[in-house]
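Chains as they are written, first to last, in this note's numbering: chain L, 1462 to 1844; chain Z, 1462 to 1844.
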């Protein structure tokens, strides 16, 4: 089940040219999601260092799981026994699972791609495994995720020492299209009650992106993603694709930009017409002492914070900012104490989710253009 | 400030011989503590992997901090600026700090003990440091802990390949007594508004323990601890000292058994007349997948838990048991996910605190003897 309703768009007004931004409501089998939204990443059935109840408190509406990882550990027997990922991990709101395509791609030399699928050695125990479009659908059906991603080949930006050529990108893109069709068939055969998203590929070539999206749209899937970004390309290349593809996808269906990005990227992505985002950046950066705030990023390991009694962001309402100082968090980081990444992960995720709430409020109030200006000015100010 | 009130004792009844157990109420500068109580250990200003709010929820009333560690990191400048440890770590109920004696003792060959104090190289940056009774009092005054421990020399059970002789234990014990007096003087000179506890030493020799406690009692300190246990001695030796010392201390003052122990040790300790316990066991064991339950200990890494849908302990009311299965916790441990130790630490600490609540309820109801029998039978049953 998937139902997507556009509530508002961002029209031109006076000298403001408007944008492709949309405010929407997405209904899925495990609940409702207000868009645009950021989705915290829970690779192994846990958003690293964050309890489900903290996710609820910070306003998370949908989280990610990784098909590839969960297939290897805990494995399908366990997940089947629990009736899927929701009960296993104690998260009863919507979940999106990726297809495993990006992860097998990341294995590099350890995997072999053919028309049938991807053969690779399990990084956990060395077993030889085959992941195909059909297997990916079967796994995701066991996971019972609300949004299922098609199995695709992630086209690299660069490989074997050269930037991927148009011909190479086309070969890869057309393979992903054939896999999309196989996913669609298998998803239907399995009677999966959730929603299957197609993934637009085509590397950094707009004409290939256009071809990919047209053929996927012809399959009439309930939602679409833009894949093959955040794969090592320069920022401008990502921005070029982000400006090209989202608004060309069907307006009445949700759009998901995979693996992006910084707070600035998210706001630009919304303006480009994206509804759903995911990225490991808030949690990974939190663990490295890189914190996001309204007035720019804060590097917690800087010794200037050793005696700083202020919270990370005085304008933030998260649990961490309500109770703990920069000095304390600096100390925890320095001592390698687990509470450090626990508290900074809460803050960074809260920042991303609150930013998306602000975006939704601005769209509801018809002042998205003004919001973007203020957001950029604030972020550029510096902590 | 310290006020200790004995509410109940555990009298003989029929064939039951009674015990030295006492139910008490301890009033300290940052609040009230119901005894007997277990105190979670927060070495570096954090109970490892546990948020203060989780500590509140599980009924923690007083936690520990380590003088030695906090002196090195974050250092006194930071702690002074925050007005002490409470505000720095966001814990506003009572705190007990140890004196640093046990930690410098643990440095082994890296330290040198003299009448004046202990010279050692900082394990953080190699600086040569001197910790004396006076310095320990000065640090703990900055920390503003509710209970301040005297600086003592922890007499080892064994050193240089032989069990500590009575002569060696006497030399060490009398040094600790002289240090106790210096602590008392410095504590008074500093005008510290909290409560200083003396520490009974004497190794495994009851006559020395007796001498130590008599001289400490003559100093009329507001509370006393039994130190120099959990230092590598066989269990029976610890039990012999635990049976000897606590009930010989003044009945109207709180008694603290340092660094002990298993759930069984705690219940025995209460019967021996102890009011306060601390131990890293619940948190350290949690991180190693060793979980405590009403019906014995559970080794989470055992593959039998891979598909086990039950909570760690079906009779437990902690956040972890209310929301997560053994299978999920087994999975988190296997994947090295931070959420694993976060959730198991909550469970183990909750187990210890709930056990002490049961002990207090039993003492209030005059059925401590029956409680101990049931407790032992339950624990021996096995998970």
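We put the beta carbon where it would ideally sit given N, CA and C, even for glycine.
Answer yes or no: does any C-beta atom of chain L fall closer than 7 Å to that of residue i?
| i | result |
| --- | --- |
| residue 1775 of chain Z | no |
| residue 1798 of chain Z | yes |
| residue 1534 of chain Z | yes |
| residue 1788 of chain Z | yes |
| residue 1551 of chain Z | yes |
| residue 1539 of chain Z | yes |
| residue 1792 of chain Z | yes |
| residue 1666 of chain Z | no |
| residue 1717 of chain Z | no |
| residue 1505 of chain Z | yes |
When you compare the CB of residue i with every CB in chain Z, is at least one pair closer than 7 Å?
| i | result |
| --- | --- |
| residue 1509 of chain L | yes |
| residue 1502 of chain L | no |
| residue 1593 of chain L | no |
| residue 1564 of chain L | no |
| residue 1743 of chain L | no |
| residue 1495 of chain L | no |
| residue 1470 of chain L | no |
| residue 1768 of chain L | yes |
| residue 1542 of chain L | yes |
| residue 1785 of chain L | yes |
Which residue's Cα is closest to the Cα of residue i: the options?
| i | options | result |
| --- | --- | --- |
| residue 1793 of chain L | Z:1636, Z:1509, Z:1463, Z:1721 | Z:1509 |
| residue 1518 of chain Z | Z:1534, Z:1527, Z:1554 | Z:1554 |
| residue 1837 of chain Z | Z:1626, Z:1727, Z:1552 | Z:1727 |
| residue 1561 of chain L | L:1600, L:1546, L:1587 | L:1600 |
| residue 1724 of chain L | L:1694, L:1559, L:1702, L:1756 | L:1756 |
| residue 1694 of chain L | L:1573, L:1616, L:1840 | L:1616 |
| residue 1525 of chain Z | Z:1607, Z:1679, Z:1704, Z:1769 | Z:1607 |
| residue 1505 of chain Z | Z:1530, Z:1567, Z:1681, Z:1763 | Z:1530 |
| residue 1843 of chain Z | Z:1827, Z:1470, Z:1752, Z:1831 | Z:1752 |
| residue 1814 of chain L | L:1779, L:1824, L:1563 | L:1779 |
| residue 1476 of chain L | L:1831, L:1835, L:1641 | L:1831 |
| residue 1577 of chain L | L:1634, L:1591, L:1749 | L:1591 |
| residue 1722 of chain Z | Z:1500, Z:1490, Z:1491 | Z:1500 |
| residue 1535 of chain L | Z:1797, Z:1621, Z:1825, Z:1820 | Z:1797 |
Do the CB positions of residue i and residue j come within less than 7 Å of each other?
| i | j | result |
| --- | --- | --- |
| residue 1595 of chain L | residue 1647 of chain L | yes |
| residue 1482 of chain L | residue 1731 of chain L | yes |
| residue 1583 of chain L | residue 1533 of chain L | yes |
| residue 1810 of chain Z | residue 1743 of chain Z | yes |
| residue 1511 of chain L | residue 1741 of chain L | no |
| residue 1719 of chain Z | residue 1498 of chain Z | no |
| residue 1788 of chain Z | residue 1585 of chain L | no |
| residue 1692 of chain L | residue 1618 of chain L | yes |
| residue 1484 of chain L | residue 1468 of chain L | yes |
| residue 1546 of chain L | residue 1609 of chain L | no |
| residue 1784 of chain L | residue 1767 of chain L | no |
| residue 1676 of chain L | residue 1638 of chain L | yes |
| residue 1709 of chain L | residue 1682 of chain L | no |
| residue 1872 of chain Z | residue 1807 of chain Z | Residue 1872 of chain Z cannot be examined here, being either before or after the span of chain Z that is shown, 1462 to 1844. |
| residue 1644 of chain Z | residue 1611 of chain Z | yes |
| residue 1544 of chain Z | residue 1513 of chain Z | no |
| residue 1471 of chain L | residue 1829 of chain L | yes |
| residue 1523 of chain Z | residue 1494 of chain Z | yes |
| residue 1847 of chain Z | residue 1492 of chain Z | Since the first residue shown for chain Z is 1462 and the last is 1844, residue 1847 of chain Z is missing from the structure and cannot be characterised. |
| residue 1841 of chain Z | residue 1802 of chain Z | no |
| residue 1465 of chain L | residue 1487 of chain L | yes |
I believe residue i touches residue j by the beta-carbon criterion, under 8 Å. Please report the beta-carbon distance rounded to the nearest angstrom.
| i | j | result |
| --- | --- | --- |
| residue 1736 of chain Z | residue 1558 of chain Z | Not confirmed; about 18 Å, so no contact. |
| residue 1597 of chain Z | residue 1528 of chain Z | 6 Å |
| residue 1589 of chain Z | residue 1602 of chain Z | With 8 Å as the limit, residue 1589 of chain Z and residue 1602 of chain Z do not qualify as a contact, their Cβ atoms being about 23 Å apart. |
| residue 1774 of chain Z | residue 1805 of chain Z | The Cβ separation is near 12 Å, so there is no contact. |
| residue 1769 of chain L | residue 1786 of chain L | 7 Å |
| residue 1641 of chain L | residue 1680 of chain L | 6 Å |
| residue 1715 of chain L | residue 1684 of chain L | 4 Å |
| residue 1634 of chain Z | residue 1669 of chain Z | 5 Å |
| residue 1678 of chain L | residue 1707 of chain L | With a Cβ gap of about 13 Å, residue 1678 of chain L and residue 1707 of chain L do not count as contacting. |
Less than 6 Å separating the Cβ of residue i from some heavy atom of the ligand MG?
| i | result |
| --- | --- |
| residue 1722 of chain L | No copy of the ligand MG occurs in the structure displayed, which carries no ligand at all. |
Counting Cβ pairs closer than 8 Å, one from the segment 1656–1672 of chain Z and one from the segment 1620–1635 of chain Z, do we hit at least three?
-> yes
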